[in-house]
Amino acid sequence: MSDASKDFSRPLRTIVLCFDGTNGQYDLMNTNVVKFFGLLNKDCTDQQVAYYQAGVGTYFAPGVVSPLWLWFASLMDEAVAWYLDEHVMAGYKFLMDNYHAGDKICLFGFSRGAYTARALAGMLNRVGLLPKDNLQQVNFAYKAYTRSDKEGVELAAGFKKTFSQDVKVEFVGVWDTVQSTGMLINRILPFTNSNSAVKVFRHALSLDEHRSKFRPNLYHWPTKDDGANEVVDMEGPVKRTFDILKSNLKQLFKREYAKVQPQQTVKFGPSTDGAQRNQRGDELALDETQLETEFVAEESWTTDVLEVWFAGCHSDIGGGNVEDDVQVSLAQITLHWMVEQVVRSECGILFDSDELARIGFTPPVPAPNSSPNSDNNLPRDAPEECTWGIKDSSALQESPNEPNQHTPSPDCYPERSDAIAPLFDELKISKMWWILEVLPFSYAWQDHNGDWHSKWSINWGRGRFIPYRQPKFHYTVKERVDYKPLDYKPRAIYDHNEVYV
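Take the sequence shown: its letter number 411 is residue 479 in my numbering, and every next letter is one higher.
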């Protein structure tokens, strides 16, 4: 089903979905996902609707099973991303309920929530968006999305054409997406590396995270290079083991649940029929990169990608390591940066001006001859109080993809104190993480030529490897380096040809 004609009887809306990291939820030490959500204008519901998903899953109905089973389900979610499917489908269902043709979709997330946001964008690309109230089709749509064999690819294409709307994602903004969705077994979903259905992609990355299971999931440009096949083949046996384990444990949980409430059933995600078909026909399987390459040719634009590296470890980028009343932290820098990127992109997101003022954010200065009230960038009839951060940024002097010609003076920005804030290194704070540092794990990366590489190794606490010749560093990294009392040097391994932006 193609994108239906726009309904001009109501203003077009911006739909914002925010996905928190593993175990993330509202508390006294909130992540940037919660803080970003708090900056959104939620009063103009005819112009914008917002959704927040906590990283803590509701694995069972309260009181149905013992605390031991709840603990085990939570443990399995952290170890093997047990609940990832449900998180993706929950966001998908919210879009089904709220999307109308012409609305803009914007997705945000941190850590596994960042992966969830990218997976949801991938699902929208692969199978489209089902019309409202077609909930019985969601599980099937998700199964079709996750399949990578040739039959599955054809099935997804036919499903999208028959049942779904063809939608695009206006903006994806993520904080430090990591390659490992589970601590022990990784889950790989299609179109999470690259996605031609996304117009603008912004990624804040950690220079100092050095845990083996927290390697960054960078944006990978689609290529038909044979090296990509090696990367995917390496994951095949692990994925099949996970599918078998999950299927067996699901049956065990269902029996336990039925003892208490025999008339109800519990679903932990889609069945593994697709995985079993993959097992019988590995020779037909297409790797994710090949799928993404084929989809790119169908789009009329190239995704606007900007990935910037910041000082700090994983939680310094996504937040959640200091209480909310702490005014100075490294996470403040990435929060400000993400808001600025949203404003520059003109994606239609509406902010609460009072909340932005509270965190000390001021919008970028528009170009001298700009027309700030462009009708193309504002929802029709948007009230004055709903347009802060949008109407004043319709034209800017610098492209968000081009490095600044001048490093801004620190005196002009509140980040000057945030840049030298304490850094939270989990390998020093919690020694238990070292257990994973002495175990061999596989990882893969794409170099600046688009070639894929993969290897097994023991990490031993080594810093992240940046495969680009001229990685983009935020200007506050230089400020931290120049502050001599800290004696700071980024832990990441790179060519030292960085460009400050």
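Cβ atoms here follow ideal geometry from the backbone N, Cα and C, with glycine treated the same way.
- Ranges of the beta strand (DSSP E) found wholly within the region 163-207, counting only runs of at least 3: 172-178
- Task: Mark Lys523 as exposed unless 16 or more other C-beta atoms lie within 10 angstroms of its C-beta, in which case mark it buried.
- Result: Residue numbering aside, residue 523 sits at position 455 when the sequence shown is read from its first letter. Under this definition Lys523 is an exposed residue.
- Under a three-way DSSP split, which group does Ala571 fall into? Any question about residue 571 goes unanswered here, given that the chain covers just 69 to 569.
- May I ask you to verify whether the region 232-240 touches the region 381-399, counting CB pairs closer than 8 Å and requiring at least 3? no
- Task: Buried or exposed for Met19, please, with buried defined as at least 16 other CB atoms from any protein chain shown within 10 angstroms of its CB.
- Result: The structure shown has nothing for residue 19, since the chain only spans 69 to 569.
- Message: If you reduce the DSSP assignment to three classes, tell me which class His542 lands in.
- Response: Locating residue 542 in the sequence shown gives position 474, counting from the first residue. Correct three-state label for His542: coil.
- Item | Closest Cα partner of Thr90 within the set His278, Cys112, Tyr183 and Asn109 | Residue 90 sits at position 22 when you count from the first residue of the sequence shown. The shortest Cα separation from Thr90 among His278, Cys112, Tyr183 and Asn109 belongs to Tyr183.
- Under the rule that 16 or more other beta-carbon atoms within 10 Å means buried, what is Tyr287, buried or exposed? Taking the first residue of the sequence shown as position 1, residue 287 is located at position 219. By the 10 Å Cβ count, Tyr287 comes out buried.
- Query: Are at least three pairs of beta-carbons, each pair with one atom in the region 264-272 and one in the region 405-414, less than 8 Å apart?
  - Reply: yes
- Query: Where does Gly159 sit, in a helix, a strand or coil, going by DSSP?
  - Reply: Locating residue 159 in the sequence shown gives position 91, where the first residue counts as 1. DSSP places Gly159 in helix when its eight states are reduced to three.
- Query: Cβ of Gly170 within 8 Å of Cβ of Gln121?
  - Reply: One-based indexing of the sequence shown puts residue 170 at position 102. One-based indexing of the sequence shown puts residue 121 at position 53. Result no, Cβ atoms of Gly170 and Gln121 do not sit closer than 8 Å.
- Trp501 to Val567 span [Cα, whole Å]: For the purposes of this step, residue 501 is taken as residue 433 along the sequence shown, with counting starting at 1. For the purposes of this step, residue 567 is taken as residue 499 along the sequence shown, with counting starting at 1. The alpha-carbon atoms of Trp501 and Val567 are separated by roughly 32 Å.
- 7 Å Cβ shell around Phe161 - same chain, five flanking residues per side excluded: By 1-based counting over the sequence shown, the position of residue 161 is 93. Reading off the sequence, residue 161 comes out as Lys, not Phe. Result list for Lys161: Leu203 and Val206, in chain order.
- If you draw a straight line from the C-alpha of Phe227 to the C-alpha of Val156, how long is it? Taking the sequence shown and counting its residues from 1, the one referred to as residue 227 is at position 159. Taking the sequence shown and counting its residues from 1, the one referred to as residue 156 is at position 88. Between Phe227 and Val156, the C-alpha separation is close to 18 Å.
- Task: Would you grab the beta carbon distance between Phe176 and Gly241 for me? Rounded to a whole angstrom, and I think it's under 8 Å.
- Result: Translated into positions along the sequence shown, residue 176 becomes position 108. Translated into positions along the sequence shown, residue 241 becomes position 173. Going by Cβ atoms, the distance from Phe176 to Gly241 rounds to 5 Å, so yes, they are a contact pair.
- Apart from the five residues just before and just after Glu391, which ones in its own chain have a Cβ nearer than 8 Å to its Cβ? Taking the sequence shown and counting its residues from 1, one reaches residue 391 at position 323. Cβ within range, chain order: Leu96 and Met97.
- Opposite Asp372 in the DSSP bridges: which residues? Mapped onto the sequence shown, residue 372 falls at position 304. Val268, per the DSSP bridge assignment.
- Task: Report yes if the CB atom of Asp88 is closer than 8 Å to the CB atom of Phe178, and no otherwise.
- Result: Numbered from 1 along the sequence shown, position 20 holds the residue referred to as residue 88. Numbered from 1 along the sequence shown, position 110 holds the residue referred to as residue 178. For Asp88 and Phe178, yes; Cβs fall inside 8 Å.
- Task: Within the same chain, show all residues whose beta-carbon is closer than 7 Å to that of Val266, passing over the 5 residues directly before and after it, in chain order.
- Result: Sequence index remark: in the sequence shown, residue 266 carries index 198 (1-based). Same-chain partners within the cutoff: Ala189, Val237, Val240 and Thr371.
- For Tyr213, which of helix, strand or coil comes out of DSSP? The residue given as residue 213 occupies position 145 in the sequence shown. Tyr213: helix per DSSP, three-state reduction.
- Query: Enumerated in chain order, which unbroken segments of the beta strand (DSSP E) with a length of 3 residues or greater are wholly contained in the region 216-252?
  - Reply: 237-243
- Query: Start and end of the beta strand (DSSP E) containing Lys523?
  - Reply: On the sequence shown, residue 523 is found 455 positions in, with the first residue counted as 1. Segment Trp520 to Ile526, the beta strand (DSSP E) holding Lys523.
- Task: Please determine, among Val102, Leu554, Thr82 and Glu154, the residue with the shortest C-alpha to C-alpha distance to Leu403.
- Result: Reading the sequence shown from its first residue, position 335 is the one you call residue 403. Leu403 has its Cα closest to that of Val102, out of Val102, Leu554, Thr82 and Glu154.
- Message: Measuring straight from C-alpha to C-alpha, what distance separates Leu80 and Tyr167?
- Response: Start at 1 with the first residue of the sequence shown, and residue 80 comes out as number 12. Start at 1 with the first residue of the sequence shown, and residue 167 comes out as number 99. For Leu80 and Tyr167, the distance between alpha carbons rounds to 10 Å.
- Task: Can you give me the Cβ contacts of Leu85 inside the same chain, cut-off strictly under 6 Å, excluding the 5 residues immediately before and after it?
- Result: In the sequence shown, the residue the question calls residue 85 occupies position 17. Excluding sequence neighbours, Leu85 sits near Tyr119, Gly159 and Leu175.
- Item | DSSP state of Gly387 mapped onto helix, strand, coil | As a position in the sequence shown, residue 387 is number 319, starting the count at 1. DSSP places Gly387 in strand when its eight states are reduced to three.
- Query: How many whole angstroms separate the CB atoms of Asp420 and Leu108, which I take to be in contact at a CB cut-off of 8 Å?
  - Reply: Sequence index remark: in the sequence shown, residue 420 carries index 352 (1-based). Sequence index remark: in the sequence shown, residue 108 carries index 40 (1-based). So it is a contact: roughly 7 Å between Cβ atoms.
- Got a sec? Which residues, its chain only, sit under 6 Å from Lys546 by beta carbon, not counting five neighbours each side? As a position in the sequence shown, residue 546 is number 478, starting the count at 1. Within the same chain, Lys546 has close Cβ partners Tyr568.
- Query: Looking at the structure shown, is Phe492 part of a helix, part of a strand, or coil, going by DSSP?
  - Reply: Within the sequence shown, residue 492 is the residue found at index 424, counting from 1. DSSP places Phe492 in coil when its eight states are reduced to three.
- Message: Once DSSP output is grouped into helix, strand and coil, what is the label at Pro79?
- Response: Translated into positions along the sequence shown, residue 79 becomes position 11. The answer is coil: DSSP assigns Pro79 none of H, G, I, E or B.
- Task: Could you pull the start and end residues of the alpha helix (DSSP H) that Lys103 belongs to?
- Result: Within the sequence shown, residue 103 is the residue found at index 35, counting from 1. Per DSSP, Lys103 belongs to the alpha helix (DSSP H) from Asn100 to Leu107.
- Item | Secondary structure of Phe282, DSSP reduced to three states | For the purposes of this step, residue 282 is identified with residue 214 of the sequence shown, where counting begins at 1. Phe282 falls in the helix class under three-state DSSP.
- Item | alpha helix (DSSP H) runs wholly inside the region 400-439, at least 4 long, in chain order | 421-426
- Query: On the three-state DSSP scale, how would you describe Leu504?
  - Reply: For this step, residue 504 is matched to residue 436 along the sequence shown. Reduced to three states, the DSSP call for Leu504 is helix.
- Helix, strand or coil at Ser274 according to DSSP, with G and I counted as helix: Within the sequence shown, numbered from 1, the residue matching residue 274 stands at position 206. Here Ser274 sits in strand by DSSP.
- Task: Pull up the DSSP beta-bridge partners for Ile561, would you.
- Result: Counted from its first residue, the sequence shown places residue 561 at position 493. In the DSSP output, where bridge partners are listed per residue, Ile561 has Phe533.
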